[in-house]
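Peer 1: Protein chains in written order, with UniProt numbering: chain A, 1 to 555; chain B, 1 to 185. The structure's right below; bear with me while I get my questions together.
Now the structure itself:
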């Protein structure tokens, strides 16, 4: 295959880049929970809080600091106030009361009543000559008037997540329970900051169609080789893209012809390439047959494993390149392994496209790997203002000391070089310009890189993507898979009358689609690492029943 | 899982978890996050794994994948359906999905992983509906030993970090509260 010609001949996908919403955004109904409200004496307020907090520990994973702990009667939402007043007994007139919120995890109501009874306001008839005194203790109160101090517990609904804006805060305050809007509270656990998302989307849009077209070409190559299913991955460095764009802007010409300059590595699926227990691999069992017959069905025993999926292989190609080049750099390996029980990930021989993109990184000629890169100075100006949003938003970057390595000082930034614009068909004359940063140049995992995929990655690969610290992940909507880990909601289906005409078969396909898990793994509040997720909606996708015809497998 | 150490079955589980802990110890000596595991097939250890992300410069090289790679040198993939995993820390989301795709028979782990756990810590992929069957998970086996391994790792200064945080005054915490959240990795 003439790789250069193949790449030049690629037609970009036509369509739109659309952010994948987060599960926090697509499942707002999960954000409401049950709580209790009880009326207590104002003077007991701090004792009440202490008693509640001591008796019922909070769930640290459910911060509820947006909810007011107390509300005065006039602050109660009207409907709640009416409900409470319809059930309450008249109080001793001078008694000042306040309403306390008991939030989830909810205690047993009998326990709660017993705990709060000492703080209950005194009812009118019994309390006329028994006004609370300032130094009265709960015990005295309960002893003096246990039978008449009857605490009322009212069930309510509360928003479990803080409000997005003042409007939402006001609505909740009027209908549910008084809520505080804190504009400084990070909403990054719910969704990426809009400006971060917008900036990444703008950097992705111009060339996404090309990269995804390349990912499909890599997928086709994987399928035609018989080594794997038709799935492909392309790793791109947005810093190089920016470099090209700036240089071209200064020179005043169109940059789309150099779209592949920012590609660091490509990899196809290779699940049929591995030999297990010394037996022939699925690819060896069917030499020259493409696609591999194993791909017609899903038989777990011959599916290889997720480390042979396209995304995982692409990540390993970058890692392997870095291991080799750091050795050449003279950087001592962290811990040389002589342990035979720790084999490297077994990789099949690289395909034409895979080796083309990987060998391009090599300084000098593509075969002369003994010529070390001229480190530490990189010809690439690194842009760190577009860093992985997570590096600033990590919940606790100290959790894993190894994770803090991504804050290597940026390498020296010489002015933009024309090296990147050199004709890529003449790598032999290209000076040492490594696209992948070595460890000594600050390269760490896939930090700040983007990955383009022909299909939605499986749950395992989606988490592998996060653990590799990619900035963004992009796949075509047509590549959605029921086994995928990134989608957060169904594609908006055909309107109802169209659905009826489609008949039972299609209806069941829609049902299946609804049954799949929508994990939205790229941005989950519970996980320590997050990435931006995008789908590429191709022109005319509205007419396509995307997931119905795709065979079931993990990509 | 209730582990009392007073039955033959318990001591069998205990033996394999001790082997996983030894792998975790080895990871600690190599400067890796100390997570270790073994794969047990017909009462034999057929794969040893320890976290290998720093050496390999690949953040996905977790202990489970290393152990599976070793096992597949001598066994076909289908053997995983009658294989159990003993791992010191609850498998992460990535590994929980991989183990499901590989159709592991069951998983025994030491301490929970409330940042990345895929078998109950954050997600419950082991039991979620999917095209692969669910697998049972038993946690809490040698939990304190697994936590102590992690604590010993996190008390170290990270020389590779650009601005290593001085931890000279830190003391290794050897206490266990009633329901303390275990450290995570």
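Think of the CB as a built atom: it goes at the ideal place given N, C-alpha and C, for glycine as much as any other residue. Predicted model, so just to flag it, every value in this text is computed and none were measured.
(1) Spell out whether any CB of chain C is found under 9 angstroms from the CB atom of residue 42 of chain B.
(2) To the nearest angstrom, how far is the alpha carbon of residue 149 of chain B from that of residue 30 of chain B?
(3) Whose CA, out of A/215, A/207, A/69, A/233, lies closest to the CA of residue 242 of chain A?
(4) Cβ atoms of residue 457 of chain A and residue 300 of chain A: under 9 angstroms apart, would you say?
(5) Kindly list, in the order they appear in chain A, the residues whose Cβ is closer than 9 angstroms to that of residue 126 of chain B.
(6) What in chain A is Cβ-close to residue 37 of chain B, meaning under 7 angstroms?
(7) Please list, in chain order, the chain A residues whose beta carbon lies closer than 8 angstroms to that of residue 137 of chain B.
(8) Quick one: complete beta strand (DSSP E) runs, 3+ long, within the region 143-229 of chain A?
(9) Starting from the beta carbon of residue 319 of chain A, find every residue of chain B whose beta carbon is closer than 7 angstroms, and list them in chain order.
(10) By the 9 angstroms beta-carbon criterion, what residues does the region 290-308 of chain A contribute toward chain B?
(11) Quick check on this structure: which residue in A/229, A/312, A/474 has the alpha carbon closest to the alpha carbon of residue 297 of chain A?
(12) Cutting at 7 angstroms between CB atoms, please list the residues of its own chain near residue 358 of chain A, excluding the five before and the five after it.
(13) Could you give the DSSP three-state label for residue 643 of chain A: helix, strand or coil?
(14) Within 10 Å of its beta-carbon, does residue 144 of chain B have 16 or more other beta-carbons around it, so buried, or fewer, so exposed?
(15) Who pairs with residue 458 of chain A in a beta bridge, going by DSSP?
(16) Thinking C-alpha only, which one of A/436, A/532, A/523, A/551 is nearest residue 483 of chain A?
(17) Report all residues from its chain with a CB closer than 7 angstroms to the CB of residue 163 of chain A; omit the five preceding and five following residues, and keep chain order.
(18) Mind checking which residues open and close the beta strand (DSSP E) that includes residue 452 of chain A?
(19) Figure out for me which residue from A/5, A/40, A/189 has the closest Cα to the Cα of residue 62 of chain A.
(20) Could you name the residues of chain A that residue 186 of chain B contacts, counting a contact when the two beta carbons are closer than 9 angstroms?
(21) At a CB-CB cut-off below 8 angstroms, which residues of chain A make contact with residue 98 of chain B?
(22) Are the C-beta atoms of residue 182 of chain B and some chain A residue less than 9 angstroms apart?
(23) Please tell me whether residue 102 of chain B has its Cβ less than 9 angstroms away from any Cβ of chain A.
(24) Check each residue of the region 469-496 of chain A: if its Cβ is closer than 8 angstroms to any Cβ of chain B, include it; give the result in chain order.
(25) Is there contact between the region 525-543 of chain A and the region 468-486 of chain A, where contact requires at least three CB pairs shorter than 8 angstroms?
(26) In terms of residue numbering, what span does the beta strand (DSSP E) encompassing residue 106 of chain B cover?
(27) What residues match up with residue 85 of chain A in a beta bridge as DSSP calls it?
(28) Applying a beta-carbon distance threshold of less than 8 angstroms, which residues of chain A neighbour residue 92 of chain B?
(29) Which residue comes first and which comes last in the beta strand (DSSP E) that contains residue 41 of chain B?
(30) Name, please, each residue of chain A whose Cβ falls closer than 9 angstroms to the Cβ of residue 75 of chain B.
(31) Compare the C-beta of residue 376 of chain A with all C-beta atoms of chain B and state if any pair is closer than 9 angstroms.
(32) Taking beta-carbon pairs under 9 angstroms, can you tell me which members of the region 171-184 of chain A lie near chain B?
(33) In whole angstroms, give me the CA-to-CA distance for residue 290 of chain A and residue 10 of chain A.
(34) Can you give me the Cβ contacts of residue 15 of chain A inside the same chain, cut-off strictly under 6 angstroms, excluding the 5 residues immediately before and after it?
(35) So, are the CB atoms of residue 35 of chain A and residue 106 of chain A less than 9 angstroms apart?
(36) Check whether the Cβ atoms of residue 50 of chain B and residue 63 of chain B lie closer than 9 angstroms to each other.
Peer 2: Working from what's here:
(1) Any reference to chain C falls outside this structure, whose protein chains are A and B.
(2) Here residue 149 of chain B is taken as the residue at index 149 of the second chain, counted from 1. Here residue 30 of chain B is taken as the residue at index 30 of the second chain, counted from 1. Taking the straight line joining both Cα atoms gives about 13 angstroms.
(3) Indexing the first chain from 1 puts residue 242 of chain A at position 242. Closest by alpha carbon: A/207.
(4) Numbered from its first residue, the first chain carries residue 300 of chain A at position 300. Numbered from its first residue, the first chain carries residue 457 of chain A at position 457. No; because the gap between Cβ atoms is not below 9 angstroms, this pair is not in contact.
(5) Along the second chain, read from residue 1 onward, the residue named residue 126 of chain B stands at position 126. Those do not exist, as residue 126 of chain B stays about 12 angstroms from chain A at its closest Cβ, beyond 9 angstroms.
(6) Here residue 37 of chain B corresponds to residue number 37 of the second chain, with the count starting at 1. Residues of chain A passing the Cβ test: none, with the nearest at roughly 12 angstroms.
(7) Start at 1 with the first residue of the second chain, and residue 137 of chain B comes out as number 137. Within chain A, no residue comes near residue 137 of chain B; the closest Cβ sits about 16 angstroms away, beyond 8 angstroms.
(8) 153-159
(9) Numbered from its first residue, the first chain carries residue 319 of chain A at position 319. Going along chain B in sequence order, the residues near residue 319 of chain A (Cβ under 7 angstroms) are 56, 57, 58.
(10) 298, 300, 301, 302, 303, 304, 305, 306, 307
(11) Taking the first residue of the first chain as 1, we reach residue 297 of chain A at position 297. Cα-wise, what sits closest to residue 297 of chain A is A/229.
(12) As a first step, residue 358 of chain A must be located in the first chain, where it is residue number 358. Excluding sequence neighbours, residue 358 of chain A sits near 265, 317, 321, 350.
(13) Outside the modelled stretch of chain A, which goes from 1 to 555, sits residue 643 of chain A, for which no answer is possible.
(14) Taking the second chain and counting its residues from 1, one reaches residue 144 of chain B at position 144. It is exposed - the Cβ of residue 144 of chain B has fewer than 16 other Cβ atoms within 10 Å.
(15) Here residue 458 of chain A refers to the residue found at position 458 of the first chain. Note: residue 458 of chain A sits in a beta bridge opposite A/484.
(16) The residue you call residue 483 of chain A lines up with position 483 of the first chain. Minimum Cα distance to residue 483 of chain A is reached at A/551.
(17) Translated into the one-based positions of the first chain, residue 163 of chain A becomes position 163. Cβ within range, chain order: 66, 169, 172, 179, 181.
(18) Here residue 452 of chain A refers to the residue found at position 452 of the first chain. Where residue 452 of chain A is concerned, the enclosing beta strand (DSSP E) stretches over 450-453.
(19) Taking the first chain and counting its residues from 1, one reaches residue 62 of chain A at position 62. Taking only the C-alpha atoms, the option nearest residue 62 of chain A is A/189.
(20) Residue 186 of chain B falls outside the range modelled here, since chain B spans only 1 to 185, and no answer is possible.
(21) For the purposes of this step, residue 98 of chain B is taken as residue 98 along the second chain, with counting starting at 1. Simply 305, 306, 307, 460.
(22) Your numbering for residue 182 of chain B matches position 182 in the second chain. With a pLDDT of only 46 at residue 182 of chain B, under the threshold of 50, the placement of this residue in the model should not be trusted; the figure read from the coordinates follows. No, its Cβ sits nowhere closer than 9 angstroms to a Cβ of chain A.
(23) Locating residue 102 of chain B in the second chain gives position 102, where the first residue counts as 1. Yes, because at least one Cβ of chain A sits closer than 9 angstroms to the Cβ of residue 102 of chain B.
(24) 469, 482, 483, 485
(25) yes
(26) What you label residue 106 of chain B is simply residue 106 of the second chain in a count that begins at 1. Counting along the chain, the beta strand (DSSP E) containing residue 106 of chain B begins and ends at 106-111.
(27) Stepping through the first chain from its first residue, residue 85 of chain A is reached at position 85. Looking at the DSSP assignment, residue 85 of chain A forms no beta bridge with any residue, so it has no partner.
(28) Indexing the second chain from 1 puts residue 92 of chain B at position 92. Those within 8 angstroms of residue 92 of chain B in chain A are 463, 467.
(29) Here residue 41 of chain B refers to the residue found at position 41 of the second chain. Counting along the chain, the beta strand (DSSP E) containing residue 41 of chain B begins and ends at 36-41.
(30) For the purposes of this step, residue 75 of chain B is taken as residue 75 along the second chain, with counting starting at 1. Within 9 angstroms Cβ-Cβ: 276, 277.
(31) If you number the first chain from 1, residue 376 of chain A lands on position 376. Here residue 376 of chain A scores only 37 on pLDDT, less than 50, and its place in the model should not be relied on; the value that follows carries that caveat. Taking Cβ atoms only, chain B never reaches closer than 9 angstroms to residue 376 of chain A, which makes this a no.
(32) none
(33) Looking up residue 290 of chain A in the first chain gives position 290. Looking up residue 10 of chain A in the first chain gives position 10. Distance between the alpha carbons of residue 290 of chain A and residue 10 of chain A: 22 angstroms.
(34) Within the first chain, numbered from 1, the residue matching residue 15 of chain A stands at position 15. Contacts found: 536, 537, 538, 539.
(35) Here residue 35 of chain A corresponds to residue number 35 of the first chain, with the count starting at 1. Here residue 106 of chain A corresponds to residue number 106 of the first chain, with the count starting at 1. Yes, these two residues count as a Cβ contact at 9 angstroms.
(36) One-based indexing of the second chain puts residue 50 of chain B at position 50. One-based indexing of the second chain puts residue 63 of chain B at position 63. In this structure, residue 63 of chain B lies closer than 9 angstroms to residue 50 of chain B by Cβ.
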